[in-house]
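Chemist: What follows is a structure written as structure tokens; I'll ask about it next.
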Amino acid sequence: MTLTHSCNTPWADNWLVDTKDENPVHHGLSAFGKMVVQEMNRLGMIVDLAHVSVDTMKAVLNISKAPVIFSHSSAYGICPHRRNVPDDVLRLVNSTGSLVMVNFYNSYVTCSDKANLSNVAGEEVPGWVGGGSDPPALLTPVPLPTDHLDYVKKVAGPGAVGFGGDYDGVT
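Heads up, the sequence shown is in our numbering, so the first residue is 902 and it goes up one at a time.
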């Protein structure tokens, strides 16, 4: 069960708080929100963080006794949309055995109106330490993830990445 959608609830702040379009109410979870997560854990329900604020993500990942999911979110490091998961949270995902199911919605994949499958699940492109398009002398190639699946895999680990929803729009 997701804790929010596009509005704050009595237990959690939603992602629009991070855009400054809404004010935070709880700065993550309310006291009741912590009880909601605990009860979801007790019942064996999966907590979904796809639409929550970053503070809510961190609060839940720090208190949940079970892994959580982001049912349809992508990597903020590739596309800095506030519905995506930032790197510090991806590292928490790794440490909790949680899962980021990469989104297929254009705005969250490329931060534009157009995206294609290679933006979600493409191939790594060699980069060079030190930057530039030509290999500098004595430097080695470093694979740079250019797609969300590889990016989440590199930051959160291979067990933390999956395919998510919001399939409308990607060609």
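Just so it is clear, CB atoms sit at the ideal spot from N, CA and C, and this is done for glycine as well.
So, do the region 940 to 951 and the region 1016 to 1024 have three or more beta carbon pairs nearer to each other than 8 Å?
Modeler: Result no; under three Cβ-Cβ pairs closer than 8 Å.
Chemist: For P925, which option in K935, F933, P911 has the closest C-alpha, if you only look at C-alpha atoms?
Modeler: For the purposes of this step, residue 925 is taken as residue 24 along the sequence shown, with counting starting at 1. Nearest option by C-alpha distance: P911.
Chemist: Shortest alpha-carbon distance to T1073 belongs to which of R984, V938, M936?
Modeler: Summary: the structure shown does not reach residue 1073, with the chain confined to residues 902 through 1072, and so no result is reported for it.
Chemist: What is the rounded straight-line gap between the Cα of A932 and the Cα of L917?
Modeler: Counting from one through the sequence shown, the residue named residue 932 turns up at place 31. Counting from one through the sequence shown, the residue named residue 917 turns up at place 16. Spanning the two alpha carbons is a distance of roughly 21 Å.
Chemist: Is it true that the CB of S965 sits closer than 8 Å to the CB of N1004?
Modeler: As a working note, residue 1004 is residue 103 in the sequence shown. As a working note, residue 965 is residue 64 in the sequence shown. Taking 8 Å as the Cβ cut-off, N1004 and S965 do not qualify as a contacting pair.
Chemist: In terms of alpha-carbon separation, which member of N995, L991, A976, L993 lies closest to Y1006?
Modeler: Here residue 1006 is taken as the residue at index 105 of the sequence shown, counted from 1. Nearest of N995, L991, A976, L993 to Y1006, Cα basis: A976.
Chemist: For the candidate residues V1010, G1060, S1013, K935, whose alpha-carbon lies nearest to that of L962?
Modeler: Position 61 of the sequence shown, counted from the start, is the residue given in the question as residue 962. That would be K935, whose Cα lies nearest to the Cα of L962.
Chemist: According to DSSP, simplified to helix, strand and coil, what is N915?
Modeler: Within the sequence shown, numbered from 1, the residue matching residue 915 stands at position 14. If DSSP states are grouped into helix, strand and coil, N915 belongs with the strands.
Chemist: Return the CA-CA distance between S1013 and D989, expressed in angstroms with no decimal places.
Modeler: Position 112 of the sequence shown, counting from 1, holds the residue named residue 1013. Position 88 of the sequence shown, counting from 1, holds the residue named residue 989. Cα-Cα distance, rounded: 24 Å.
Chemist: Apply the 10 Å Cβ neighbour rule to F1064 and answer buried if 16 or more other Cβ atoms are within range, or exposed otherwise.
Modeler: Residue mapping note: residue 1064 aligns to position 163 of the sequence shown, counting from 1. By the neighbour-count rule (16 or more Cβ atoms within 10 Å), F1064 is not buried but exposed.
Chemist: With which residues is I979 paired in a DSSP beta bridge?
Modeler: Here residue 979 refers to the residue found at position 78 of the sequence shown. For I979, which the question treats as bridged, DSSP gives no partner whatsoever.
Chemist: Check the Cβ-Cβ distances between N1004 and every residue of chain C, and say whether any is below 8 Å.
Modeler: In the displayed structure, chain C is absent; only one protein chain is listed.
Chemist: In chain order, what residues of the same chain have a beta carbon less than 7 Å from the beta carbon of V1053, not counting five sequence neighbours either side?
Modeler: Along the sequence shown, read from residue 1 onward, the residue named residue 1053 stands at position 152. These residues qualify, in order along the chain: A976, L991, V1001, V1003, A1061, V1062.
Chemist: Going by beta-carbon coordinates alone, are S1008 and V969 separated by less than 8 Å?
Modeler: Looking up residue 1008 in the sequence shown gives position 107. Looking up residue 969 in the sequence shown gives position 68. No, these two residues do not count as a Cβ contact at 8 Å.
Chemist: Within the same chain, show all residues whose beta-carbon is closer than 8 Å to that of H906, passing over the 5 residues directly before and after it, in chain order.
Modeler: As a first step, residue 906 must be located in the sequence shown, where it is residue number 5. Taken in chain order, the residues that qualify are N915, H952.
Chemist: Going by the CB atoms, is the gap between H1049 and V1010 shorter than 8 Å?
Modeler: Position 109 of the sequence shown, counted from the first residue, corresponds to residue 1010. Position 148 of the sequence shown, counted from the first residue, corresponds to residue 1049. Their beta carbons are under 8 Å apart, which means V1010 touches H1049 by this criterion.
Chemist: Have a look at A967, S996, T997, V955 and flag the residue whose alpha-carbon is nearest the alpha-carbon of H982.
Modeler: To locate residue 982, count along the sequence shown from 1; it is residue 81. When each option's Cα is compared against that of H982, the closest is V955.
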